[in-house]
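Listed in order, the protein sequences are those of chains B and U.
Residues 1 to 172 in my numbering are what the first sequence lists, from first letter to last.
Residues 1 to 300 in my numbering are what the second sequence lists, from first letter to last.
Data first, discussion second: the structure below is written as structure tokens.
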Amino acid sequence: MNVVVIAFALCITVFLETVLPAWKWLAYAKLPLVSGLVVYYALGRSWGLMLAVAIVGGLVLDGMVGLPLGASSLAYGIMGSGVWRFRGILFGGRWPTRMILGAVVNAGITLILYGVLCSFSDSVAGLSGARVSLKVLGTGVLGMLALPVLLPFVERLDRLAGNRTGEEESGL
Amino acid sequence: MNGAPERHEQGDALDLRKTLFIGFGLAIVFAVLIHLPSRATRPLTGALRDAFAPLMTGLARSQAAVALSFSGAGDWREDMLRLEQERDRLKADLLRLQPLEEENRALRASLNLPAPFSRRWVAAEVISRDVNGWWRLIRINKGSRDGIERDMPVVVGDGVLGKTVDVSRYTSDVLLLTDPASRISATLPRTRSFGILRGQGAPIVGSPLCLMTFIDKNAECRPGDEVATSGWGDVYPRGLPIGHIRAVEMDRSGLYQSATLEPAADLRTLRFVFVVTDRAKAETEPSTDGQAPAPGGQRP
Numbered sequence: 001m002n003v004v005v006i007a008f009a010l011c012i013t014v015f016l017e018t019v020l021p022a023w024k025w026l027a028y029a030k031l032p033l034v035s036g037l038v039v040y041y042a043l044g045r046s047w048g049l050m051l052a053v054a055i056v057g058g059l060v061l062d063g064m065v066g067l068p069l070g071a072s073s074l075a076y077g078i079m080g081s082g083v084w085r086f087r088g089i090l091f092g093g094r095w096p097t098r099m100i101l102g103a104v105v106n107a108g109i110t111l112i113l114y115g116v117l118c119s120f121s122d123s124v125a126g127l128s129g130a131r132v133s134l135k136v137l138g139t140g141v142l143g144m145l146a147l148p149v150l151l152p153f154v155e156r157l158d159r160l161a162g163n164r165t166g167e168e169e170s171g172l
Numbered sequence: 001m002n003g004a005p006e007r008h009e010q011g012d013a014l015d016l017r018k019t020l021f022i023g024f025g026l027a028i029v030f031a032v033l034i035h036l037p038s039r040a041t042r043p044l045t046g047a048l049r050d051a052f053a054p055l056m057t058g059l060a061r062s063q064a065a066v067a068l069s070f071s072g073a074g075d076w077r078e079d080m081l082r083l084e085q086e087r088d089r090l091k092a093d094l095l096r097l098q099p100l101e102e103e104n105r106a107l108r109a110s111l112n113l114p115a116p117f118s119r120r121w122v123a124a125e126v127i128s129r130d131v132n133g134w135w136r137l138i139r140i141n142k143g144s145r146d147g148i149e150r151d152m153p154v155v156v157g158d159g160v161l162g163k164t165v166d167v168s169r170y171t172s173d174v175l176l177l178t179d180p181a182s183r184i185s186a187t188l189p190r191t192r193s194f195g196i197l198r199g200q201g202a203p204i205v206g207s208p209l210c211l212m213t214f215i216d217k218n219a220e221c222r223p224g225d226e227v228a229t230s231g232w233g234d235v236y237p238r239g240l241p242i243g244h245i246r247a248v249e250m251d252r253s254g255l256y257q258s259a260t261l262e263p264a265a266d267l268r269t270l271r272f273v274f275v276v277t278d279r280a281k282a283e284t285e286p287s288t289d290g291q292a293p294a295p296g297g298q299r300p
């Protein structure tokens with residue numbers, strides 16, 4: 001059932017992330033949702049499953065939004081691995097820590113993507129430092145708002161599909 | 001005595017080594033994948049975009065319907081009346097221009113001049129704006145099935161919008177003229193001088209602008225001057241309006257002038273656009289809905 005849940009959650013998050021408008025006041029940052037899914041699997045599941053979600057989610061999102069194929073996968077993989085490695089010490093399971101985690105992870109993903117995309121596009125390479133900082137900050141803020149909402153939603157989906165039992169320690 | 005903890009530590013070290021090894025391998029795979037030409041990845045990305053296209057079109061239409069319902073019935077009636085008046089005016093223009101076009105064609109034929117480049121406008125709906133948040137892209141719901149190809153100009157009623165950069169069967173991505181990667185060969189009809197237009201990105205405050213460079217240093221350009229496509233290059237036909245000059249200044253080198261330009265097209269309220277296709281190519285494709293001939297039948 002893992003595959004069903006992942007496929008369903010990926011379809012919804014990728015679709016929403018593509019169609020929801022960018023936030024002009026946050027340097028055209030977009031609401032990060034696929035990264036939330038990666039964080040969910042990094043916090044409660046194996047490294048392999050997290051990596052699979054990061055790779056597939058990144059590829060699908062890149063294909064949908066016209067980024068070089070694999071750019072988002074790389075960023076998700078790096079940040080997801082970081083979360084998975086330190087999940088025992090950096091996450092308390094309460095909403096303030098979820099918010100901080102959402103901000104840090106998404107800011108990191110935006111920075112990695114900026115580094116990768118600089119070699120592909122004059123539009124990205126020509127961005128000013130202030131603009132990039134605002135975008136990193138903006139994605140961090142949006143991630144801070146999105147992650148605490150997304151985590152319980154995916155966890156519920158996982159439970160409905162029978163991937164988690166009520167008593168099982170979720171790590172979330 | 002300490003066998004178990006040692007084995008545990010060895011296991012951890014092995015796990016870390018294995019993780020690093022896999023991570024490093026994947027990083028190499030992605031470094032290669034990222035640098036693949038878009039031609040190689042297009043079948044996959046095109047299929048993905050086409051799969052989601054009906055949903056995106058449905059959502060865009062729902063958003064438009066909701067916006068319309070909030071705008072009020074009074075405005076709607078006024079708009080209807082205004083549009084009817086505009087339609088009648090355009091019909092009258094068409095009646096006036098058709099004989100002129102026929103006359104022009106006959107005169108060109110008698111002088112053995114080649115026929116002007118024939119093009120067709122394909123109407124499309126915007127289904128996503130700021131597609132990825134990194135560059136200025138919009139997505140429309142028409143693709144290769146409708147005769148659209150890469151590097152075709154996209155316009156709205158007011159002027160040039162940009163060009164198609166990525167085309168799948170049912171969708172196309174349009175790079176807006178305000179993106180820093182956009183380049184258009186432009187002309188100032190009043191002074192008959194030329195220049196290169198490039199986007200300045202989307203500012204956080206104010207409307208997006210373009211910069212026209214390499215204008216003849218002796219040309220008498222001034223704010224308010226109209227800028228149009230020059231027709232040089234393979235993408236944009238001659239004479240499409242681009243915008244108006246906002247400010248002019250001499251370049252620091254003193255060799256040419258630069259002008260800041262405000263696009264004629266309102267990039268904030270895009271809903272319908274037209275892709276200017278090559279009629280010769282488009283006519284080989286099956287006829288589909290939403291394809292409209294250019295006003296007057298032909299474009300320069």
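Quick reminder that beta carbons are idealized off the backbone N, C-alpha and C, glycines included.
Residue i (DSSP reduced to helix, strand or coil)
i               : result
S35 of chain B  : helix
C210 of chain U : strand
P99 of chain U  : helix
T171 of chain U : coil
Q85 of chain U  : helix
M80 of chain U  : helix
D234 of chain U : coil
F15 of chain B  : helix
P189 of chain U : coil
F86 of chain B  : coil
T229 of chain U : strand
P148 of chain B : helix
P68 of chain B  : coil
P203 of chain U : coil
F21 of chain U  : helix
D278 of chain U : strand
G195 of chain U : strand
Cβ neighbour criterion (16 or more within 10 Å) applied to residue i
i               : result
M80 of chain U  : exposed
N112 of chain U : exposed
P68 of chain B  : buried
G138 of chain B : buried
V5 of chain B   : buried
M250 of chain U : exposed
L269 of chain U : Looking at the sequence shown, residue 269 of chain U is not Leu but Thr. When all chains shown are included, T269 of chain U counts as exposed.
Distance between residue j and residue i (C-alpha atoms, nearest Å)
i               : j               : result
W135 of chain U : G147 of chain U : 25 angstroms
L117 of chain B : A146 of chain B : 24 angstroms
V165 of chain U : L177 of chain U : 12 angstroms
K18 of chain U  : S81 of chain B  : 13 angstroms
R238 of chain U : E17 of chain B  : 38 angstroms
L26 of chain U  : L31 of chain B  : 26 angstroms
D158 of chain B : L68 of chain U  : 39 angstroms
R279 of chain U : V122 of chain U : Confidence in R279 of chain U is poor, its pLDDT being 48 and thus under 50, which makes the residue's placement unreliable; the coordinate value appears in the next sentence. R279 of chain U and V122 of chain U: Cα-Cα distance of roughly 10 angstroms.
E169 of chain B : L44 of chain U  : Unreliable placement is indicated for E169 of chain B, whose pLDDT of 46 sits below 50; no coordinate value is reported for it.
P263 of chain U : L188 of chain U : 14 angstroms
V154 of chain U : G201 of chain U : 18 angstroms
I140 of chain U : G129 of chain B : 31 angstroms
G296 of chain U : S73 of chain B  : With a pLDDT of only 33 at G296 of chain U, under the threshold of 50, the placement of this residue in the model should not be trusted; the figure read from the coordinates follows. So the two alpha carbons sit approximately 49 angstroms from each other.
D173 of chain U : L142 of chain B : 25 angstroms
S168 of chain U : R42 of chain U  : 8 angstroms
F8 of chain B   : A54 of chain B  : 15 angstroms
I204 of chain U : K24 of chain B  : 6 angstroms
A90 of chain U  : V273 of chain U : What sits at residue 90 of chain U in the sequence shown is Leu, not Ala. Each residue's Cα considered, the two are about 18 angstroms apart.
D225 of chain U : F30 of chain U  : 48 angstroms
R82 of chain U  : I12 of chain B  : 40 angstroms
P54 of chain U  : L10 of chain B  : 18 angstroms
S128 of chain U : M79 of chain B  : 28 angstroms
Per DSSP, cross-strand counterpart(s) of residue i
i               : result
I28 of chain U  : Answer is none; I28 of chain U lacks a bridge partner.
W23 of chain B  : B:A29
G162 of chain U : U:V154 and U:L176
T260 of chain U : U:L211 and U:A247
A124 of chain U : U:V273
L137 of chain U : U:L175
R129 of chain U : U:I138
Cβ-Cβ distance between residue i and residue j below 8 angstroms
i               : j               : result
T191 of chain U : C210 of chain U : no
A107 of chain B : G140 of chain B : yes
L33 of chain B  : L150 of chain B : yes
L161 of chain U : L261 of chain U : no
L101 of chain B : V14 of chain B  : no
P223 of chain U : G159 of chain U : no
V136 of chain B : L111 of chain B : yes
R119 of chain U : V276 of chain U : yes
G199 of chain U : S185 of chain U : no
R87 of chain B  : L127 of chain B : no
Proximal residues of chain C, C-beta to C-beta of residue i below 7 angstroms
i               : result
D179 of chain U : Protein chains B and U are contained in the structure displayed, whereas chain C is not.
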